[in-house]
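A short write-up of the structure that comes next.
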Amino acid sequence: NTAVSGNEANTQKVFQYIQQNLAAVIHAFGNARTPLSYVSARLRTEAEVIAFQTWANNTRSILDTSYALVYSDAANTLESIRLSPAIANDLDDFFENGLQEFTTTPVPASTAAPATSARPVLVEPVTPGLPDSAVSTFASIFLLAIAAFAHIIL
1 NTAVSGNEAN TQKVFQYIQQ NLAAVIHAFG NARTPLSYVS ARLRTEAEVI AFQTWANNTR
61 SILDTSYALV YSDAANTLES IRLSPAIAND LDDFFENGLQ EFTTTPVPAS TAAPATSARP
121 VLVEPVTPGL PDSAVSTFAS IFLLAIAAFA HIIL
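full-length UniProt numbering puts the sequence shown at residues 1 to 154.
This is how it looks when you write it as structure tokens:
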């Protein structure tokens, strides 16, 4: 990381070293993603990123499980490169003028009380009285007796 971030010219030198010694780099770092992420983050042109992605495609079998992440890192760098012209003016404005405080119109204070109405009185419903039924009582006792008799016999 230090070799790449210390000097922009080193990015391509480190990338060439990784290309020529990929197996040794994978052995030293445990995977290819870590050192290649340092390189892909420092690429500065679309041509460099596309060359990096082409190399990643050609060495996909060697990169193995790191391939998807390595390619994704390069794609993110490419997106950043393509986004830069769109936000360049905003960045220039920020660096030249600093953070601009935005003024907003304050919301007028509401002085009128909201209209409310009195809550209606809650009337609980009355449970109607149900008449007892001698027939249903007799049927319940009869079925209970049969069940008890069957339980004792069985």
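Where a beta carbon is used, it is the ideal one built from N, C-alpha and C, also for glycine.
Of all C-beta pairs linking the region 71-78 to the region 42-50, three or more are shorter than 8 Å, placing the two stretches in contact.
Cβ-Cβ separation between VAL39 and VAL4: approximately 6 Å, consistent with a contact (criterion under 8 Å). Taking all protein chains shown into account, PHE52 has 16 or more neighbouring C-beta atoms within 10 Å of its C-beta and is therefore buried.
Counting every other CB atom within 10 Å of its CB across the protein chains shown gives ALA28 a total below 16, marking it as exposed.
Taking all protein chains shown into account, ILE18 has 16 or more neighbouring C-beta atoms within 10 Å of its C-beta and is therefore buried.
In the three-state reduction of the DSSP assignment, PHE15 falls in the helix class. Straight through space, the alpha carbons of LEU36 and TRP55 are spaced by roughly 11 Å. For the alpha helix (DSSP H) assignment, the uninterrupted runs of no fewer than 4 residues enclosed by the region 21-61 are, from N- to C-terminal side, 22-29, 33-41, 46-58. SER66 places its beta carbon less than 8 Å from that of ALA32. Distance from the CA atom of ALA9 to the CA atom of GLY30, rounded to whole angstroms, is 26 Å. Inter-residue distance for THR137 and ALA147 is about 15 Å (C-alpha atoms, whole angstroms). Residues VAL39 of the same chain have their beta carbon placed closer than 6 Å to that of PHE15, with the five preceding and five following residues left out of the count. Spanning the alpha carbons of VAL123 and ILE152 requires a straight line of approximately 51 Å.
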